[in-house]
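Numbering (full-length UniProt numbering), first residue to last: 1 to 316.
The C-beta atom is built at its ideal place from N, Cα and C for all residues, glycine as well.
Keep in mind the model is a prediction, meaning the values are calculated, not measured.
First comes the structure, then the notes that go with it.
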Amino acid sequence: MTLVRATDALILANLADPVLRVRAVEAASQYDVEVLVSLTESYMLTASRKGARTSVKTIQAYSLAVREFVPWAQRSGVQLLRPGRRDGGRFVSWLQTRPSNGKGKQGRLAASSVAQYVAGARAMYRALRWAGATDAQPFEEAHVPPDPTPGIVKNPPYAAEIDAALPHCEPRLAALLLLCAHAGLRVSEALQLRLSDLSGSQLTVAGKGGKVRRVPLGRRTREALSTLTPARADGRLFHWTYGQATYRLQKAFRAAGHGDAWRGFHAARKHSGTRLYAATRDFTRVGLFLGHSSVDTTRRYVAVLDNDVSREVEDF
Numbered sequence: 001m002t003l004v005r006a007t008d009a010l011i012l013a014n015l016a017d018p019v020l021r022v023r024a025v026e027a028a029s030q031y032d033v034e035v036l037v038s039l040t041e042s043y044m045l046t047a048s049r050k051g052a053r054t055s056v057k058t059i060q061a062y063s064l065a066v067r068e069f070v071p072w073a074q075r076s077g078v079q080l081l082r083p084g085r086r087d088g089g090r091f092v093s094w095l096q097t098r099p100s101n102g103k104g105k106q107g108r109l110a111a112s113s114v115a116q117y118v119a120g121a122r123a124m125y126r127a128l129r130w131a132g133a134t135d136a137q138p139f140e141e142a143h144v145p146p147d148p149t150p151g152i153v154k155n156p157p158y159a160a161e162i163d164a165a166l167p168h169c170e171p172r173l174a175a176l177l178l179l180c181a182h183a184g185l186r187v188s189e190a191l192q193l194r195l196s197d198l199s200g201s202q203l204t205v206a207g208k209g210g211k212v213r214r215v216p217l218g219r220r221t222r223e224a225l226s227t228l229t230p231a232r233a234d235g236r237l238f239h240w241t242y243g244q245a246t247y248r249l250q251k252a253f254r255a256a257g258h259g260d261a262w263r264g265f266h267a268a269r270k271h272s273g274t275r276l277y278a279a280t281r282d283f284t285r286v287g288l289f290l291g292h293s294s295v296d297t298t299r300r301y302v303a304v305l306d307n308d309v310s311r312e313v314e315d316f
């Protein structure tokens with residue numbers, strides 16, 4: 001029996017402690033996926049470190065993980081409120097051998113996907129502890145092996161594809177591509193931009209976690225934006241969803257003869273970070289430009305040649 005719809009997640013946070021505990025215990029005992037998704041979402045939005053600033057993508061990813069973990073637990077004889085100390089490791093092992101269900105993908109789940117599913121399952125148990133339903137921590141000793149292949153290798157920056165695709169983009173689409181590939185914006189940031197965010201050669205961007213940064217715009221990006229009028233009544237420059245923007249850019253890449261090279265918007269952001277690092281040789285400045293809170297994150301966005309220091313060591 002579904003006690004609370006997934007869309008009513010925040011209702012759970014307003015319940016009295018005894019009532020919340022009963023709801024959580026019943027949901028876990030009955031393997032009620034929808035309520036457990038709602039419970040996890042409610043916890044993330046009201047009691048996690050980021051609270052209401054938790055990104056939509058994180059909520060969606062964790063919800064998907066709960067939908068994967070709970071049916072597996074039921075099939076595997078795991079009692080959600082009293083799991084065995086090895087059950088977390090069993091789930092990790094199953095994920096590592098489970099075929100990928102992604103569209104057009106074959107083989108096993110990527111290490112990053114395994115880590116994401118485990119992070120979501122851990123969040124569900126934090127939510128159950130928050131609700132007072134259990135003290136269990138089945139993933140405390142579960143080890144998620146890291147991916148030996150760096151992300152910059154698996155999904156490298158675009159190179160010549162950007163300039164090749166731009167002539168095949170209508171003006172608004174070209175501006176979106178330049179915002180990601182030259183201004184280094186996340187596509188979610190770019191799609192939310194309003195005309196009022198532009199001020200001369202700078203752009204005010206509301207990034208992840210509510211962080212605000214000011215991004216300098218290059219000549220080509222300024223010129224592309226100068227031709228645009230708001231696409232929505234609230235002043236937003238783009239009216240597309242992520243899926244609609246992806247479809248249009250995939251089409252432009254195919255028209256440019258680079259259909260097989262499309263790797264999503266993140267590769268465009270890496271294009272920006274790699275070019276800026278080549279010009280500055282400064283990860284800190286690149287990180288500030290991209291809106292990273294850690295230079296370690298920035299290093300994953302920059303493609304550096306294996307022999308990058310060959311000239312420097314020549315006279316050692």
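#1: Cα separation between T2 and T54?
#2: Is it right to say V4 is buried, meaning 16 or more other beta carbons lie within 10 angstroms of its own, or is it exposed?
#3: Identify whether G167 lies in helix, strand or coil by the three-state DSSP scheme.
#4: Is A142 helix, strand or coil when you go by DSSP?
#5: When burial is assigned at 16 or more other CB atoms within 10 Å of the CB, is S201 buried or exposed?
#6: Is it buried or exposed for V33, if we count other Cβ within 10 angstroms and need 16 for buried?
#7: In terms of alpha-carbon separation, which member of R23, P99, Q137, A127 lies closest to T46?
#8: By Cβ distance, which residues of its chain are closer than 8 Å to R300, with the 5 residues on each side in sequence left out?
#9: Go to V304, then tell me how far its alpha helix (DSSP H) extends in each direction, as first and last residue.
#10: Kindly indicate the opening and closing residues of the beta strand (DSSP E) around L203.
#11: With distances taken Cα to Cα, identify the nearest neighbour of D108 among G120, S93, R122.
#12: To which residues of the same chain is P157 closer than 7 Å at the C-beta, ignoring the five residues directly before and after it?
#13: Can you give me the C-alpha to C-alpha distance between S76 and R67, rounded to a whole angstrom?
#14: If contact is defined by three or more beta carbon pairs under 8 Å, each pair taking one atom from either stretch, is the region 213–222 in contact with the region 254–261?
#15: Name the two residues that bound the continuous alpha helix (DSSP H) containing V19.
#16: Using only the alpha-carbon positions, how far apart do F139 and V78 sit?
#17: Whole alpha helix (DSSP H) runs in the region 188–260 with 4 or more residues, listed along the chain?
#18: Alpha carbons only, please: which of P83, G120, V187, S196 is nearest the one belonging to R136?
#19: Taking the straight line between their C-alpha atoms, what separation do you get for V118 and E41?
#20: Helix, strand or coil, according to DSSP, for V4 in the structure here?
#21: Please return the same chain residues whose Cβ sits closer than 6 Å to the Cβ of T7, not counting the five positions on each side in sequence.
#22: Any contact of the region 207–215 with the region 163–178, i.e. 3+ C-beta pairs under 8 Å?
Let's see:
#1: The count along the sequence shown starts at 1 and reaches residue 2 at position 2. The count along the sequence shown starts at 1 and reaches residue 54 at position 54. Note that T2 scores 40 on pLDDT, short of 50, meaning its location in the model is unreliable; the coordinates nonetheless yield the value given after this. Those two C-alpha atoms are separated by around 25 Å.
#2: For the purposes of this step, residue 4 is taken as the residue at position 4 of the sequence shown. No answer about V4 holds up, because its pLDDT of 40 lies below 50 and its placement is not dependable.
#3: Indexing the sequence shown from 1 puts residue 167 at position 167. According to the sequence provided, residue 167 is Pro. The question's Gly does not apply to it. The answer is helix: DSSP assigns P167 an H, G or I state.
#4: For the purposes of this step, residue 142 is identified with residue 142 of the sequence shown, where counting begins at 1. In the structure shown, the three-state DSSP call for A142 is coil.
#5: Taking the sequence shown and counting its residues from 1, the one referred to as residue 201 is at position 201. Exposed, because fewer than 16 other Cβ atoms sit within 10 Å of the Cβ of S201.
#6: For this step, residue 33 is matched to residue 33 along the sequence shown. V33 is buried by the Cβ-count criterion.
#7: Here the question's residue 46 lines up with position 46 in the sequence shown. It is A127 whose Cα lies nearest to the Cα of T46.
#8: Numbered from 1 along the sequence shown, position 300 holds the residue referred to as residue 300. The residues are P150, G151, I152.
#9: As a working note, residue 304 is residue 304 in the sequence shown. No alpha helix (DSSP H) contains V304, which DSSP labels as neither H nor E.
#10: Counting from one through the sequence shown, the residue named residue 203 turns up at place 203. Counting along the chain, L203 sits inside the beta strand (DSSP E) bounded by residues 202–206.
#11: As a first step, residue 108 must be located in the sequence shown, where it is residue number 108. It is Arg, not Asp, that sits at residue 108 in the sequence shown. For the residues G120, S93, R122, the minimum Cα distance to R108 belongs to S93.
#12: In the sequence shown, the residue the question calls residue 157 occupies position 157. Cβ neighbours of P157 beyond the five flanking positions: A267, K270, H271, T274, A303.
#13: Looking up residue 76 in the sequence shown gives position 76. Looking up residue 67 in the sequence shown gives position 67. Cα-Cα distance, rounded: 15 Å.
#14: They do not touch, by the three-pair rule.
#15: For the purposes of this step, residue 19 is identified with residue 19 of the sequence shown, where counting begins at 1. Per DSSP, the unbroken alpha helix (DSSP H) holding V19 starts and ends at 17–29.
#16: One-based indexing of the sequence shown puts residue 139 at position 139. One-based indexing of the sequence shown puts residue 78 at position 78. Distance between the alpha carbons of F139 and V78 is about 13 Å.
#17: If we require 4 residues or more, the alpha helix (DSSP H) runs fully inside the region 188–260 come out as 219–226, 242–255.
#18: Against the sequence shown, residue 136 aligns to sequence position 136. The displayed chain sequence assigns Ala, not Arg, to residue 136. For A136, the nearest C-alpha among the options comes from P83.
#19: Taking the first residue of the sequence shown as 1, we reach residue 118 at position 118. Taking the first residue of the sequence shown as 1, we reach residue 41 at position 41. So the two alpha carbons sit approximately 16 Å from each other.
#20: One-based indexing of the sequence shown puts residue 4 at position 4. Caution applies to V4, whose pLDDT of 40 falls short of 50 and renders its modelled position unreliable; the value that the coordinates give is listed next. In this structure, V4 counts as coil in the three-state DSSP scheme.
#21: Locating residue 7 in the sequence shown gives position 7, where the first residue counts as 1. Because the pLDDT of T7 is 48, which lies under 50, any placement of that residue in the model is unreliable, and the number read from its coordinates should be weighed accordingly. Cβ neighbours of T7 beyond the five flanking positions: none.
#22: Touching, no, given that fewer than three Cβ pairs across the two stretches are closer than 8 Å.
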